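Structure first, commentary second.
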C-alpha cells in the first residue's frame, strides 16, 4: 500500500492571459493533458487580458512521478477560442510544461508565450505556475468498518455501476439513466 506522504498532486495554476485580441462573441478555454488525462478551465471571456484563475490537478504517487520525470513526460496546455453560437472550437496555440520544474515549495508564476499562435500579430501569453502538493484526501478504505459483522445476517456486497460504487444493504438500489431494469449483479 502507498503511504499517505507518497500520494501527491501535480497542480497547474492557470492564472491569467495577456496580449490577446478582443473577440467579444467568443470565449477562451485552456485544456491541459498529462499522462492521457485531460482537464480544462471553465470558458472565460475572450478579452485582451483573460482571467482564468483555475487550478488543475492530477493525482500521482512518488514512484510514478519519478518515472514521468525520467521519461520527460510533458504537460501540454492548449488554448482554444469557442464560438458559443456555432459551438466551433478554434485552436489558438499551446504551451508545453516540463514536469521536472514542479517542486514541493511554492514558486512564483511565470508568463509562457503561446506556441504556434494563431494570432500572429499578438504575442499572447498565459501566466502559469506548476507545483507538487501532498494529497490530503483520506484514503478510500478509511471509511470501511473493519471487522464489523454483516447486518441482518444477509452480508453486504458492493456493485460498481456506471463508475459509481453502490453498497447493497438490502435497500432498493438507485437506478442510473441508461441502466437496465434488472438489478446489477456482483461476483
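Numbering (the UniProt record's numbering), first residue to last: 1 to 187. Heads up, the beta-carbon is just placed ideally off N, CA and C, and yes, glycines get one too. On a predicted model such as this, the values are computed, not experimentally measured, just so you know.
Give the range of the alpha helix (DSSP H) segment to which residue i is assigned.
i, result
"residue 70", "62-70"
Can you name the start and end residues of the beta strand (DSSP E) that residue i belongs to?
i, result
"residue 36", "Segment: none, residue 36 is in no beta strand (DSSP E) and carries neither H nor E."
"residue 15", "7-18"
"residue 77", "74-83"
Take residue i and list the residues in its own chain whose beta-carbon comes closer than 7 angstroms to its own, dropping the five residues that flank it on each side.
i, result
"residue 112", "95, 125, 126, 128"
"residue 29", "40, 41, 43, 80, 82"
"residue 65", "8"
"residue 91", "78, 80, 118"
Is it buried or exposed for residue i, if we count other Cβ within 10 angstroms and need 16 for buried?
i, result
"residue 114", "buried"
"residue 84", "exposed"
"residue 67", "exposed"
"residue 78", "buried"
"residue 88", "exposed"
"residue 102", "buried"
Consult DSSP for residue i and reduce its assignment to one of helix, strand or coil.
i, result
"residue 107", "coil"
"residue 99", "helix"
"residue 129", "strand"
"residue 113", "strand"
"residue 89", "strand"
"residue 196", "Limits of the chain in this structure are 1 at one end and 187 at the other, which puts residue 196 out of reach."
"residue 45", "strand"
"residue 136", "coil"
Quick one: residues in its chain with C-beta nearer than 6 angstroms to the C-beta of residue i, no 5 flanking neighbours on either side, listed in chain order?
i, result
"residue 49", "18"
"residue 97", "75, 130"
"residue 11", "55, 57, 131, 133"
"residue 104", "132"
"residue 33", "76"
"residue 100", "69"
"residue 14", "30, 41, 52, 54, 128"
Closer than 7 angstroms: is that where the CB of residue i sits relative to any heavy atom of the ligand GTP?
i, result
"residue 87", "Of ligands this structure carries none, so the ligand GTP is not represented either."
Given residue i, which residues of its chain have a CB within under 8 angstroms of its CB, disregarding the five upstream and five downstream residues?
i, result
"residue 6", "61, 62, 63"
With a threshold of 8 angstroms, are at least 3 pairs of Cβ atoms found where one atom belongs to the stretch 57-74 and the other to the stretch 17-27? No, they do not touch.
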